Amino acid sequence: MSSDDFKFVRRSYFPTMIFQVDVPDPKPLNQSLLKAIYAERERDRKGINRSNLPQLGGWHSHNNLHKSDTYAGLVDLINKATARISEDLGYADSHELRIGTMWSIINPPGSANRAHVHPSCLWSGVYYIQAPKDCGNIEFIEPRTVHLMNQAKFQPNKKRSKENWTKVRFTPTAGRMLIFPSWLYHAVDPNMSTAEGDASNRIIVSFNLNQVKA
Numbered sequence: 001m002s003s004d005d006f007k008f009v010r011r012s013y014f015p016t017m018i019f020q021v022d023v024p025d026p027k028p029l030n031q032s033l034l035k036a037i038y039a040e041r042e043r044d045r046k047g048i049n050r051s052n053l054p055q056l057g058g059w060h061s062h063n064n065l066h067k068s069d070t071y072a073g074l075v076d077l078i079n080k081a082t083a084r085i086s087e088d089l090g091y092a093d094s095h096e097l098r099i100g101t102m103w104s105i106i107n108p109p110g111s112a113n114r115a116h117v118h119p120s121c122l123w124s125g126v127y128y129i130q131a132p133k134d135c136g137n138i139e140f141i142e143p144r145t146v147h148l149m150n151q152a153k154f155q156p157n158k159k160r161s162k163e164n165w166t167k168v169r170f171t172p173t174a175g176r177m178l179i180f181p182s183w184l185y186h187a188v189d190p191n192m193s194t195a196e197g198d199a200s201n202r203i204i205v206s207f208n209l210n211q212v213k214a
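In this text, residue positions in the sequence shown follow UniProt numbering: the first is 1, and each later residue adds one.
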């Protein structure tokens, strides 16, 4: 019997979803956010500096930026994106995805973020405000235990299918938002930008999401 003699079906289950949102004209929003974030750093130069943070270098704001009117434009963008996610996934109409915590990070050259997850929430996200060349890709890591077992051998010099990747990277792009499961391990490469002064900083806003009653 050859393989042509029987029915062969591949079924894929348990996907890991990452949603990408690109703002058509992010410059006005990003300029406003840059001003607000630098003002926040000036007000609180120390920021949050806990030993259990995955952040290696840089400045981390407090976690309640979403409660400030200064960030209303970004909050509105996040809410519109999460409404689309809820619809896409068939979430209950009785609940909405809403921001529980939101913070900013300024990562100058040399700073990075080691692999981590975000406990006690459903989804997490990052919005890129300033992303100079070589400022550090975000890397998402295979969440299943398959990478702890024996590794398959693949055809040399041939790109693997996405189903067989063990890591995926996104290059930071100003005006881009990524929303991913909070349990998905992710890390950020060191900022290797050679831009001058503050232009070399990778500046982002991150947030955590949970379902709340509508």
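Beta carbons are placed, not taken as given, at the ideal position from N, Cα and C, and that holds for glycine.
Remember, predicted model here, so these are calculated numbers, not experimental data.
Quick check on the burial criterion: 16 or more other C-beta atoms within 10 angstroms. Buried or exposed for residue i?
i, result
"Pro26", "buried"
"Tyr71", "buried"
"Ala187", "buried"
"Ser161", "exposed"
"Arg10", "exposed"
"Ser12", "exposed"
"Asn137", "exposed"
"Leu33", "buried"
"Gln130", "buried"
"Thr82", "buried"
"Asn113", "buried"
Using CA coordinates, which residue listed in the options is at the minimum distance from residue i?
i, options, result
"Arg144", "Trp123, Ala174, Tyr185 and Glu40", "Tyr185"
"Lys207", "Arg43, Asp22, Pro28 and Ser124", "Correcting the residue type first, residue 207 is Phe in the shown sequence and not Lys. Of Arg43, Asp22, Pro28 and Ser124, the residue nearest in Cα terms is Ser124."
"Asn191", "Met177, Phe170, Ser111 and Leu34", "Ser111"
"Gly197", "Asn157, Val168 and Pro109", "Pro109"
"Gly100", "Lys7, Thr173 and His118", "His118"
"Pro28", "Glu139, Leu74, Ile106 and His116", "Leu74"
"Pro132", "Phe14, Ile204 and Ala39", "Ile204"
"Ser193", "Lys159, Asn107, Ala115 and Asp22", "Asn107"
"Ile141", "Arg169, Asn79, Phe14 and Lys7", "Arg169"
"Asp22", "Lys80, Gln155, Lys7 and Phe8", "Lys80"
"Asp189", "Ile48, Glu139, Arg45 and Ala39", "Glu139"
Going straight from the alpha carbon of residue i to that of residue j, what length do you get?
i, j, result
"Ser68", "Ser200", "27 Å"
"Val146", "Trp165", "11 Å"
"Thr171", "Ile37", "22 Å"
"Phe19", "Arg84", "10 Å"
"Pro24", "Leu77", "12 Å"
"Lys167", "Ala115", "12 Å"
"Leu89", "Phe14", "13 Å"
"Lys7", "Pro156", "29 Å"
"Ile48", "Asn63", "9 Å"
"Lys158", "Asp5", "29 Å"
"Glu163", "Trp183", "19 Å"
"residue 229", "Ala174", "This structure gives no information on residue 229, because the portion of the chain shown stretches from 1 to 214."
"Ala39", "Ala195", "21 Å"
Between residue i and residue j, how many whole angstroms is the CB-CB distance? I'm expecting something under 8 Å.
i, j, result
"Leu65", "Met102", "5 Å"
"Arg202", "Cys135", "4 Å"
"Ile105", "Gln55", "7 Å"
Taking only beta-carbon atoms, is residue i less than 8 Å away from chain B?
i, result
"Phe19", "Protein chains in the displayed structure number just one, and chain B is not present."
If you pair each beta-carbon of the stretch 148-156 with each one of the stretch 54-61, do three or more pairs fall below 8 Å?
-> With the cut-off at 8 Å, the stretch 148-156 and the stretch 54-61 do not touch.
Inter-stretch contact at 8 Å, needing at least 3 Cβ pairs: the stretch 88-97 / the stretch 195-211 = Three or more Cβ pairs closer than 8 Å define a contact, and the stretch 88-97 meets that threshold against the stretch 195-211.
Is there contact here, the stretch 169-180 with the stretch 122-137, by at least three beta-carbon pairs under 8 Å?
-> Short answer: they touch.
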